[in-house]
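Participant:
2 protein chains.
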Amino acid sequence: MELSKITSPADIRGLGMEELKELCNSLREVFLEKVSAHGGHVGPNLGLVEATVALHYVFDTPNDKIVFDVSHQTYIHKMLTGRVEAFLDPSKYDDVTGYTNPKESKYDLFTIGHTSTAVSLAGGMAKARDLQGQSYNVVALVGDGSLSGGEAFEGLDEGATLKSNFIVVVNDNNMSIAENHGGLYSNLEELRRTNGTASNNYFKALGYDYLYVDKGNDIEALVEAFRMVKDINHPIVVHIHTDKGHGYKPAEENKEAFHFSAPFDLKSGKLKSEDDDESYDEIFAQEMMSEIKSDPKVCVLTAGTPGVMGFTPERRQEAGRQFIDVGIAEQEAAAMASGIAKAGCRPCLGVVSSFIQRAYDQLSQDISINDTPVVLNIFYGTILGMNDVTHLGWFDIALISNIPGWIFLAPATVEEYLSMQRWAMKQTQYPVAIRIPGGKVLHSDDKVETDWSDLNKFKIEHEGSKVAIIGAGAFLSIAKETAELLKKEGVDATVINPRYLSGLDTAILEDLKKNHRLVVTIEDGVLAGGFGEKVSSYYGTSDMKVANYGLEKKFADRYNYRQILEANRLTAPQIAEDVVNIIKN
Amino acid sequence: MELSKITSPADIRGLGMEELKELCNSLREVFLEKVSAHGGHVGPNLGLVEATVALHYVFDTPNDKIVFDVSHQTYIHKMLTGRVEAFLDPSKYDDVTGYTNPKESKYDLFTIGHTSTAVSLAGGMAKARDLQGQSYNVVALVGDGSLSGGEAFEGLDEGATLKSNFIVVVNDNNMSIAENHGGLYSNLEELRRTNGTASNNYFKALGYDYLYVDKGNDIEALVEAFRMVKDINHPIVVHIHTDKGHGYKPAEENKEAFHFSAPFDLKSGKLKSEDDDESYDEIFAQEMMSEIKSDPKVCVLTAGTPGVMGFTPERRQEAGRQFIDVGIAEQEAAAMASGIAKAGCRPCLGVVSSFIQRAYDQLSQDISINDTPVVLNIFYGTILGMNDVTHLGWFDIALISNIPGWIFLAPATVEEYLSMQRWAMKQTQYPVAIRIPGGKVLHSDDKVETDWSDLNKFKIEHEGSKVAIIGAGAFLSIAKETAELLKKEGVDATVINPRYLSGLDTAILEDLKKNHRLVVTIEDGVLAGGFGEKVSSYYGTSDMKVANYGLEKKFADRYNYRQILEANRLTAPQIAEDVVNIIKN
Numbered sequence: 001m002e003l004s005k006i007t008s009p010a011d012i013r014g015l016g017m018e019e020l021k022e023l024c025n026s027l028r029e030v031f032l033e034k035v036s037a038h039g040g041h042v043g044p045n046l047g048l049v050e051a052t053v054a055l056h057y058v059f060d061t062p063n064d065k066i067v068f069d070v071s072h073q074t075y076i077h078k079m080l081t082g083r084v085e086a087f088l089d090p091s092k093y094d095d096v097t098g099y100t101n102p103k104e105s106k107y108d109l110f111t112i113g114h115t116s117t118a119v120s121l122a123g124g125m126a127k128a129r130d131l132q133g134q135s136y137n138v139v140a141l142v143g144d145g146s147l148s149g150g151e152a153f154e155g156l157d158e159g160a161t162l163k164s165n166f167i168v169v170v171n172d173n174n175m176s177i178a179e180n181h182g183g184l185y186s187n188l189e190e191l192r193r194t195n196g197t198a199s200n201n202y203f204k205a206l207g208y209d210y211l212y213v214d215k216g217n218d219i220e221a222l223v224e225a226f227r228m229v230k231d232i233n234h235p236i237v238v239h240i241h242t243d244k245g246h247g248y249k250p251a252e253e254n255k256e257a258f259h260f261s262a263p264f265d266l267k268s269g270k271l272k273s274e275d276d277d278e279s280y281d282e283i284f285a286q287e288m289m290s291e292i293k294s295d296p297k298v299c300v301l302t303a304g305t306p307g308v309m310g311f312t313p314e315r316r317q318e319a320g321r322q323f324i325d326v327g328i329a330e331q332e333a334a335a336m337a338s339g340i341a342k343a344g345c346r347p348c349l350g351v352v353s354s355f356i357q358r359a360y361d362q363l364s365q366d367i368s369i370n371d372t373p374v375v376l377n378i379f380y381g382t383i384l385g386m387n388d389v390t391h392l393g394w395f396d397i398a399l400i401s402n403i404p405g406w407i408f409l410a411p412a413t414v415e416e417y418l419s420m421q422r423w424a425m426k427q428t429q430y431p432v433a434i435r436i437p438g439g440k441v442l443h444s445d446d447k448v449e450t451d452w453s454d455l456n457k458f459k460i461e462h463e464g465s466k467v468a469i470i471g472a473g474a475f476l477s478i479a480k481e482t483a484e485l486l487k488k489e490g491v492d493a494t495v496i497n498p499r500y501l502s503g504l505d506t507a508i509l510e511d512l513k514k515n516h517r518l519v520v521t522i523e524d525g526v527l528a529g530g531f532g533e534k535v536s537s538y539y540g541t542s543d544m545k546v547a548n549y550g551l552e553k554k555f556a557d558r559y560n561y562r563q564i565l566e567a568n569r570l571t572a573p574q575i576a577e578d579v580v581n582i583i584k585n
Numbered sequence: 001m002e003l004s005k006i007t008s009p010a011d012i013r014g015l016g017m018e019e020l021k022e023l024c025n026s027l028r029e030v031f032l033e034k035v036s037a038h039g040g041h042v043g044p045n046l047g048l049v050e051a052t053v054a055l056h057y058v059f060d061t062p063n064d065k066i067v068f069d070v071s072h073q074t075y076i077h078k079m080l081t082g083r084v085e086a087f088l089d090p091s092k093y094d095d096v097t098g099y100t101n102p103k104e105s106k107y108d109l110f111t112i113g114h115t116s117t118a119v120s121l122a123g124g125m126a127k128a129r130d131l132q133g134q135s136y137n138v139v140a141l142v143g144d145g146s147l148s149g150g151e152a153f154e155g156l157d158e159g160a161t162l163k164s165n166f167i168v169v170v171n172d173n174n175m176s177i178a179e180n181h182g183g184l185y186s187n188l189e190e191l192r193r194t195n196g197t198a199s200n201n202y203f204k205a206l207g208y209d210y211l212y213v214d215k216g217n218d219i220e221a222l223v224e225a226f227r228m229v230k231d232i233n234h235p236i237v238v239h240i241h242t243d244k245g246h247g248y249k250p251a252e253e254n255k256e257a258f259h260f261s262a263p264f265d266l267k268s269g270k271l272k273s274e275d276d277d278e279s280y281d282e283i284f285a286q287e288m289m290s291e292i293k294s295d296p297k298v299c300v301l302t303a304g305t306p307g308v309m310g311f312t313p314e315r316r317q318e319a320g321r322q323f324i325d326v327g328i329a330e331q332e333a334a335a336m337a338s339g340i341a342k343a344g345c346r347p348c349l350g351v352v353s354s355f356i357q358r359a360y361d362q363l364s365q366d367i368s369i370n371d372t373p374v375v376l377n378i379f380y381g382t383i384l385g386m387n388d389v390t391h392l393g394w395f396d397i398a399l400i401s402n403i404p405g406w407i408f409l410a411p412a413t414v415e416e417y418l419s420m421q422r423w424a425m426k427q428t429q430y431p432v433a434i435r436i437p438g439g440k441v442l443h444s445d446d447k448v449e450t451d452w453s454d455l456n457k458f459k460i461e462h463e464g465s466k467v468a469i470i471g472a473g474a475f476l477s478i479a480k481e482t483a484e485l486l487k488k489e490g491v492d493a494t495v496i497n498p499r500y501l502s503g504l505d506t507a508i509l510e511d512l513k514k515n516h517r518l519v520v521t522i523e524d525g526v527l528a529g530g531f532g533e534k535v536s537s538y539y540g541t542s543d544m545k546v547a548n549y550g551l552e553k554k555f556a557d558r559y560n561y562r563q564i565l566e567a568n569r570l571t572a573p574q575i576a577e578d579v580v581n582i583i584k585n
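Chains S and B supply the protein sequences, listed in that same order. Under the working numbering, the residue at position 450 of the first sequence is numbered 450, and the numbers go up by one with no gaps. Under the working numbering, the residue at position 302 of the second sequence is numbered 302, and the numbers go up by one with no gaps.
#1: Beta carbon of residue 478(S), beta carbon of residue 570(S): below 9 Å?
#2: Which residue comes first and which comes last in the beta strand (DSSP E) that contains residue 45(B)?
#3: Excluding five sequence neighbours on each side, which residues of the same chain lie with their C-beta closer than 6 Å to the C-beta of residue 281(B)?
#4: Residue 180(S) by DSSP, collapsed to three states: which one?
#5: At a Cβ cut of 7 Å, what residues of the segment 289-305 of chain S count as close to chain B, listed as they run along the chain?
#6: Hey, quick one: how far does the beta strand (DSSP E) through residue 240(B) stretch, first residue to last?
#7: When you compare only the Cα positions, how much space is there between residue 233(S) and residue 208(S)?
#8: Consider the Cβ of residue 123(B): report whether some Cβ of chain S lies at a distance smaller than 9 Å.
#9: Just how far apart, CA to CA, sit residue 14(B) and residue 52(B)?
#10: Taking just the CA atoms, how far does residue 381(B) sit from residue 189(B)?
#11: Mapping DSSP to helix, strand and coil, what is residue 377(B)?
#12: Might you give, ordered along the chain, the residues of its own chain that have their beta carbon closer than 6 Å to the beta carbon of residue 458(B), omitting 5 neighbours on each side?
#13: In this structure, what does DSSP give as the bridge partners for residue 65(B)?
#14: Where are the beta strand (DSSP E) runs, 3 residues long or more, that stay fully inside the segment 494-533 of chain S, in chain order?
#15: Comparing C-alpha positions only, which one of 274(S), 255(S), 256(S) and 86(S) sits nearest to residue 263(S)?
#16: Provide the residue span of the beta strand (DSSP E) that contains residue 52(S), from first to last.
#17: Quick one: grab the DSSP three-state call for residue 159(S).
#18: Mind checking the segment 174-198 of chain B against chain S and listing, in chain order, the residues whose C-beta falls within less than 7 Å of any C-beta there?
#19: Comparing the C-beta of residue 404(B) with each C-beta of chain S, is any distance below 9 Å?
#20: Closer than 8 Å between beta carbons: that is the criterion. Which residues of the segment 320-332 of chain S meet it against chain B?
#21: Residue 299(B) by DSSP, collapsed to three states: which one?
#22: So with Cβ pairs under 9 Å, would you call residue 204(B) a contact of chain S?
#23: Residue range of the beta strand (DSSP E) that residue 347(B) falls in?
#24: Where are the alpha helix (DSSP H) runs, 4 residues long or more, that stay fully inside the segment 384-424 of chain B, in chain order?
#25: Mapping DSSP to helix, strand and coil, what is residue 569(S)?
#26: Looking at residue 220(S): is its Cβ nearer than 9 Å to the Cβ of residue 17(S)?
Laid out in structure tokens, this is it:
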């Protein structure tokens, strides 16, 4: 059938098996057309074309509920649920997000972007359904990679106790973003090898009924399996064996690179433009490979995102057992790092800002209370990074800087970063987090300290008077730009690089009182709970005025960098304008 | 042997089996003597007497490493590792904490208090041991209750991939604090029933070798088992079936009440003094039982701590499926609550302040981004609550109030609390968190609002001039007391109850500028990232002075309430003194 005619899953429910196969081919084709031009999650969607069609074919959506884990594999789902135009018409490519989104469609139940949540969310829906005496199917679709997250375990453990319909579809493509890690994956491998008959069975051990579908890219097999479990009266796991990247050779052959891809040439599978700008993933990886080689006690940890930190398959191979991927399990990464440090090695953990939220308790309890010298690198902790509402890098300042014990550093340049990283790895006194700067990679003009153990020493980049501008991390550049603009207004503003987010340089702040009337703070994150508020509090009972710049406490989705900065008066001209107004009063 | 002569585990390693049995009896006797007089974790320790002795008898501690999960079951361990005086001599009862503590002994590896962390921490130690080419035993001891936590799963999953010695002792007493919940527990039951031979085996499915010990309170069986696994060259789970409360009838018969107990009469097992003061666990439970009865859509969730919220076994029974205990799994509790709300029911989740840290990401992603009207009650969120370093109730203000979307309410009295709770359960617009006040239960003098949907409206409790004191939650009483003292100094201070921690009443704050020069904020938690800093930031560029009172960002262990308040100038006389000094300048 013509894809443009699909307005809802009802439109495909009358199709015969051959037509369904054709439909899958068309969907795959259109999908590839879009992602090759636009970029997006390639492999996860290709592997799930048939399963998505089969789910909507068999289940009575939207009455029956499907919750997609991470939901980066829902492009086909969107095409079947009234949003196909956003795939057919290049001018509408951006009309849909890359994740499920209830604002787009009633077929999307939650806004999801973090892993391992679907089973819990779906389990809650099933509970509510039962309490209300309703009787629809509740389906959670979760990838094998997501099963390494503790929340997925907790959801499975609780879901197994439901005495009613609960269907967990495990989409097993034998891959996380990179390869899987964890004992569980030997079990999944055994289950695949034995066509689901292995005596060890993780899902059965948790109390689930179990159905294995080896041909997870065969629409017929899937339709049959889903028909078998539809309206079932107890919890069951349907374990489907799919092929990540299925139907597109470059993605089948290079699953990690095609998990998410920038625009690529459809024929060759090659990226349309290679990004050869300097980047912190490379800088981090080169630095840590050198540390690894020079000291067998050094190890680098990731929770399922080695690519974010430049640890390519080749580097992982080379690092050997000094590189540890714990699976998508940030709690484990943090707690294990504490154990590693306690027993005398030097762990360095790299985590995306938005995902470190999953390990708050471990940063506090397992690490800080235990004074273990874990080094944590925060990637994408910036307004100028990922802009999906589920992946915002805005909250890590408030998260980490308010936990006692952590030294939280905000380098503004590569040289500062490297110096801090080396110091952090060498010292054994504190847990140290380093916020990798967002935006364009910048370099220092002058010499950078090598010892950061004299805590909370801000650096005066330029000494002026009347107004002092403290710009943290990447936003030191906005502070400098603001000072330039103020010069034109006859104000010679002091510019300060705080470098530490976890404490104030009270000596400098005190000193500013002598010949400054206004302190401006600029930070690359949300104001609430952040750095600037602490400066305001410090000066609370003095005559110093303080103006804090950062984001308002509010989520945003797929925002434009320029616009969000302007809306929050976070550009140099706006700040300079405000400063002039404040000091003239 | 005489207990007083035990200075280290080496002292018991020469004993014969009969002597070990006698030792266990003596340890149990002395332990009971202490906890009955002093209070503490009763059941967990009684069940583990034999296993603790056997571990130290067989393993070469401290060269071999034992990491205890939660570590509330380490009283016997402390008696064997040079700290027996703290159990024999009542004047020294408080010389040791109730958890492992490296500051006390080299036999204690970590300061632990939250559940489900030991396997991860021990796994990290094993990794570091291997990287350094060392060869000691690493043992994690974890209770069955703790296995419901996602971090424990993540630790087991990763630990299974070690290619070296790693011993996980699962202390299965078939109890969490209350009864267990989750599919996993059917599997443990099956394993117990089949003497470990059931074909479904959670641990084997994760890749562990496995040894079952049915007689977990038989020192001989335990010594034999631990000898079998000592120096093993791969990961193994030793599943020991113990009896919570073993050897003390009242604790065997009432496992939940004796998990942790205040001082009790050793003979009868009855509490020495019944606390019949008003308390929020009762107030919460009565309120929610009434909601449950009047609306089948209401449900109350706990993550393994029903007692904290007054949900006694009787009430749980009565609430039926409207009461949901997900096990010690805060992530699941929060995410599931979101699913429940999404599907039309009204979930109310009760969590201890220190444990909500484990669900930050779920509060943000699963709930707030999805606008699901989950109601969250924070228990023990106060300086005046639990004072172990691992259980501090100081951080939830910064944690929750900085997440967009959450309405965070701070009632000061029972009447305010009940009014907020009722409103929160009725509305369906926001996720609402309510911070149950710490300290003595207080009542309102005047009428309390019933509608809290007009957000961020502070209440002026007393209108004065010059100085305004904003006292949040329980600390409104300090604000009032301060105002009383200031009266004597000729200052008629305005007193404000903010009631909302997640936003400012800018109208009132603006209005204060007219005839106030100083705003004082007082909050029951850490200043960093908290409420007061936001008030300081608000007034930053005005002439208003602001003084923030709360705790310094620093951990404390087993502190004295009075002392910590004084050290942070959080008492009314200190604040009044400061105010007089500030305004006279």
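Idealized CB from N, CA, C, for every residue including glycine.
Facilitator: Here's the rundown:
#1: yes
#2: Premise fails: residue 45(B) lies in the alpha helix (DSSP H), 43-46, not in any beta strand (DSSP E).
#3: 309 and 310
#4: coil
#5: 296, 297 and 299
#6: 235-241
#7: Rounded to whole angstroms, residue 233(S) to residue 208(S) spans 12 Å at the Cα level.
#8: Interface residue, yes.
#9: 16 Å
#10: 36 Å
#11: strand
#12: 496, 498, 505 and 508
#13: 138(B)
#14: 494-497 and 516-526
#15: For the options 274(S), 255(S), 256(S) and 86(S), the alpha carbon positioned closest to that of residue 263(S) is the one of 274(S).
#16: Residue 52(S): not part of any beta strand (DSSP E); member of the alpha helix (DSSP H) spanning 49-58, first to last residue.
#17: helix
#18: 181, 182, 183, 184, 186 and 187
#19: yes
#20: 321, 322, 324, 326, 327, 329, 331 and 332
#21: strand
#22: The beta carbon of residue 204(B) sits closer than 9 Å to some beta carbon of chain S.
#23: 346-352
#24: 396-401
#25: coil
#26: Between residue 220(S) and residue 17(S), the gap from beta carbon to beta carbon is short of 9 Å.
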